[in-house]
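Student:
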Amino acid sequence: MSTALVRLGMAGACVLVLVGCGATVPKPTPTPTGSFEPSPGTISLAEKGYEQGPSALIPIPDDAAITQYVDQPNVITASFSQPDGAEIAHVLRADLPGAGWEITADTPEAILFTRPGWDGAFTISENVSAVTVRAAPQ
């Protein structure tokens with residue numbers, strides 16, 4: 002995969018964060034539906050303290066170290082310093098479909114996923130990885 006595509010993926014994740022942070026009046030966000038049982042060794046972002054959006058439906062390794070976060074009604078983001086991005090990507094590929102997400106694009110450096118009312122992206126760079134989920138435009 003070219004570095005241009007990796008940069009494009011990281012830029013897309015940043016745009017998702019900035020769009021969420023720039024909203025002056027929050028729109029009503031869809032209520033997450035369904036239940037989800039993470040795989041062994043996996044927890045949800047809600048179990049790491051996230052309260053907004055579909056955080057209970059975003060699986061991550063239970064040893065994930067979140068270094069930066071956004072937890073707003075219309076956008077949630079987690080940047081990870083560990084484990085490495087490939088391990089987090091493995092968890093997302095394995096557990097997102099069971100949590101009601103459809104993976105719409107998948108490369109070694111990025112995953113795009115969606116469910117009714119929400120769009121998400123996961124990107125990997127050399128030292129950090131991040132997942133962002135935002136309310137889908139209506």
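Mind the numbering: the sequence shown is residues 2 to 139 in my numbering, read in order.
Note that beta-carbon positions come from the ideal geometry of N, C-alpha and C, so glycine has one too.
1. Given this structure, state the Cα-to-Cα distance separating valine 76 from histidine 91, to the nearest angstrom.
2. Look at the alpha carbon of valine 129 and the alpha carbon of glutamine 139, and state the distance between them as a whole number of angstroms.
3. Strictly under 9 Å for the Cβ-Cβ distance: is glycine 50 near chain D by that measure?
4. Check whether the Cβ atoms of alanine 95 and proline 55 lie closer than 9 Å to each other.
5. Can you have a look at threonine 32 and say buried or exposed, based on whether 16 or more other CB atoms are within 10 angstroms of its CB?
6. Excluding sequence positions up to five away, which residues of its chain have a Cβ less than 6 Å from the Cβ of phenylalanine 37?
7. Please identify the residue among Ser40, Tyr70 and Gln73 whose C-alpha is closest to the C-alpha of aspartate 63.
8. Less than 9 Å separating the beta-carbons of phenylalanine 114 and isoleucine 104?
9. Under 9 Å, do alanine 122 and alanine 111 count as touching if we go by C-beta distance?
Tutor: This is what the structure holds:
1. Spanning the alpha carbons of valine 76 and histidine 91 requires a straight line of approximately 23 Å.
2. Going by the C-alpha atoms only, they are around 31 Å apart.
3. Among the protein chains of the structure shown there is no chain D, as only one such chain exists.
4. No, these two residues do not count as a Cβ contact at 9 Å.
5. Unreliable placement is indicated for threonine 32, whose pLDDT of 43 sits below 50; no coordinate value is reported for it.
6. Leu58 and Ala100.
7. Looking at the Cα atoms, Ser40 is the closest of the given residues.
8. The answer is yes: Cβ separation under 9 Å.
9. Contact flag set, yes.
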